Structure formats: C-alpha cells, structure tokens
Amino acid sequence: MTESIINLDSVNPIEFFGVNNGKLDLLKKKFPLLKILSRGTQLKLSGAPEEVATAREKIGQIVSYLERNGHLSENYFEQILGEEEGSGIDHFKDRNPNDVLVFGPNGRTVRAKTANQKKMVTLADKNDIVFAIGPAGTGKTYTAVALAVRALKNKAVRKIILTRPAVEAGESLGFLPGDLKEKIDPYLRPLYDALDDMIPPDKLNYFMTNRIIEIAPLAYMRGRTLDNAFILLDEAQNSTDLQMKMFLTRIGSSAKAIITGDLTQIDLPKNQKSGLGKAARILRNVDGIGYLELDEEDVVRHRLVKAIIKAYDQAAAQEEEREKEREKERDHHHQKDHKDHKQKDHN
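The numbering used here numbers the first residue of the sequence shown as 175 and each following residue consecutively.
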C-alpha cells in the first residue's frame, strides 16, 4: 500500500472535480482499487503502488490541460482517463501555456486572447517594465491587471498597485458630487471592474482593506518607493512628462511595472504635453524594458468597435492632411504679402 497527495492549487477545483463531484466520480470509477479522497484543493490517493502511479499520471495530464485551457468537459475528462498509456495524443497542440492567466470566480478563466496580448504576457515575463500602447478595447488594461493578479497569486509580489492620472475627459472633478474618494473612484472604475472578474468579492475586499491591492490616482504615488509590488500605470497618456519621470523613478528593485495608454486620447490641457510618448520613445531600447504596440486587430469588444477605431483614424489622417494644406496656403499668402510689401517699399 502506498499513499500520495496531489495539490490542485494551480487549477479551478470546480473544473477539476466537476459539478456535484461528477468528474471525481468518473475518476473513482476508473480506479476502483484505489481509495480517493478530496479535501479542499488536495487529492489523496491510497492503494497499490502501480495503481497510484497510473492515477497520478492521468491526473497530471488533466491538471496540465486545465492549466492551459481553463475548462474541460466531462466527456473529454473521461476520454483522457480512458486512453491507453503512450497513445501519443497531444491534448495541448496549438495551445500556449500563457493563455490562461487567472482563474476567476465561478469557473471564469482570464486568458490572453490575441497575438499582441500574448506578446504582452511574454514581454512582462521577460522584462521588469513594459510599455503597452494602443487604442481603446485592445485589452491592454485587462491583460495588465490579469498579469498583476497572477503575480500576486503566485507570490511573485506582495502587493498590487493600480494607478491612473485623474484627468477630466471634458468634465470637471469639482462638479462631481461627494468627497475626494467618491470624486476619484469613477476614474478608477475600469480597474475595479477588471479585478471583479478575477478575484472573488470577499477575497478582493480582504486584499483592498489590508492594502495588498491599492487603487489610487497617480498624484498619490509621489514620495513613495514601490517595492515587492506589481504596478500598473493605466491611461498613461494623461500623465505629464514630470509625472511619468516621477512614476518610473518610484519603482523599487524587486517590482514590476506595466504602463498602458492610448496616444490618440490625450485629455491633458492644451499647454501640457503627454509624458507617455516621450518615455516610450527614449526608453524603448533600454535593456529590461519591453515595448508593444497594439492595434485594431486586438480589439475584443463589440465587432463595430474595430470599424469605429478605423473610421476615427482615417478622419484624423484626413484632418492632418487638410491642416498641412492650410499651413501651406498660409505660408504662400505670407510670402506673397511679404513680396508685395517689398515691392511697395521699392517703388
């Protein structure tokens, strides 16, 4: 007789055991000579050594599949259990192990969906700082939050700090009702929404109360050193040059940071320049800093969003062209006026 304990921490227990333990019953049926007990996220096997070894191998295949795909139907669960050893069937072909980032509440899986989102995951694994620039709906923020949650769950960091510049997009903070927190929260709402998809409410509340997850405006970062943390600066196009430098120099020795933004949606006052474009330009070739541009192909919202982004881009390009023509015309008139004045003076 031998005993073996298998930890299932890396997968969603509901996906492994099945609704009403349906999949666990299939496992017990497949190995009737084994005593199989489940406790929390652990599975205990007792029985003959060769039976335990075979069961461990099958369970290992199922866990690997769930780690990559997040979901496994009862039929497929049974199919994996029923395969002969060495059948050579590859359950993971065309699957990227980075696809599933987080197992959220109710069996939800959060994965990198597009080629650039997957590239963002790879860049974040290889670099301590990553710039991800692209239009709305490309999943920049969502993927970055998922990477932060994954790092916290894997104990790679001790805390998550999510921050955005609180810049009005055509509205004034002063006219919003409530205290400072209530005024600022609407700016940070997309970050809360992403976290809601990835962490059960009670656990999220615990993390927020104990400042394991912090969500704060960029101005609150001044004077802090952010260490042992995964930091996300979102909507970074609305940070000034000084704010961007301040943020980047706050990053501690064992921290990771992702900076996301859309250079076509700058809401800063006319006299202030965005710090994102400059930072991305001067830092993109620095070793340890990753740089990625997402485009409309990465849009994962409503199918019309791609068409909307394209239409706005075309309109912006046409407007730029018209502005150049007007500039040329003004220069031409200016030169003509200058010539006429000269001619008059000469006469």
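Cβ coordinates follow ideal geometry from the N, Cα and C atoms, glycine included. Fair warning: this is a prediction, and the values are worked out from it, not measured in the lab.
In this structure, how does DSSP classify residue i when only helix, strand and coil are distinguished?
i	result
I387	strand
N217	Per the sequence shown, residue 217 should be read as Leu rather than Asn. In this structure, L217 counts as strand in the three-state DSSP scheme.
A227	helix
R285	strand
I338	The amino acid occupying residue 338 in the given sequence is Arg; Ile does not appear at that position. Three-state result, R338: strand.
S522	Examination of residue 522 is not possible in this model, given that the chain is present from 175 through 521 alone.
G397	coil
N328	coil
I188	helix
N181	strand
Ordered along the chain, which non-local residues of its own chain (more than five positions away) have a Cβ less than 7 Å from that of residue i?
i	result
F191	K197, L198 and S212
A454	F305, I307 and Y465
K209	S220 and G221
L246	E189, I236, Y239 and L240
P223	T176
L362	R338 and I389
Are there 16 or more other CB atoms within 10 angstroms of the CB of residue i, so buried, or fewer, so exposed?
i	result
P339	buried
A286	buried
K300	exposed
N186	buried
Q411	buried
Q492	exposed
E409	buried
Q253	exposed
A322	buried
Compare the Cα-Cα distances from residue i to each of the options and report the closest residue.
i	options	result
K314	A491, A298, I210 and G256	A298
K459	P360, Q492, K377 and I303	Before going further, note that residue 459 is Asn rather than Lys in the sequence given. For the residues P360, Q492, K377 and I303, the minimum Cα distance to N459 belongs to I303.
G532	E225, E497, Y380 and E470	No answer is possible for residue 532: the residues shown for the chain start at 175 and end at 521.
V237	P279, I188, P374 and H506	I188
R324	D183, L207, A289 and E177	D183
T337	K327, Y366 and K329	Y366
L255	K293, V295, L200 and T176	L200
P309	Q509, Q492 and V473	V473
K452	V295, K419 and K333	K419
E467	I334, K293 and F421	K293
K327	L362, F251, K377 and N290	K377
K333	D371, M382 and L450	M382
Quick one: residues in its chain with C-beta nearer than 8 Å to the C-beta of residue i, no 5 flanking neighbours on either side, listed in chain order?
i	result
S427	D401
Y380	I386
R500	none
S346	At S346, the pLDDT of 46 sits below 50, so the modelled position is not reliable; the number obtained from the coordinates is stated separately. Counting only Cβ-Cβ distances below 8 Å, and skipping sequence neighbours, we find nothing.
By Cβ distance, which residues of its chain are closer than 6 Å to residue i, with the 5 residues on each side in sequence left out?
i	result
G244	V274 and T283
A368	Y316 and V319
H508	none
At a cut of 8 Å, does the region 432–446 reach the region 388–397 through at least three beta carbon pairs? With contact defined as three or more Cβ pairs closer than 8 Å, the region 432–446 and the region 388–397 are not in contact.
Does the region 275–286 come close enough to the region 209–219 to have 3 or more Cβ pairs within less than 8 Å? The region 275–286 vs the region 209–219: no contact.
The region 397–408 in contact with the region 426–436 per 3-pair CB rule at 8 Å: Between the region 397–408 and the region 426–436, the count of Cβ pairs shorter than 8 Å is three or higher; the stretches touch.
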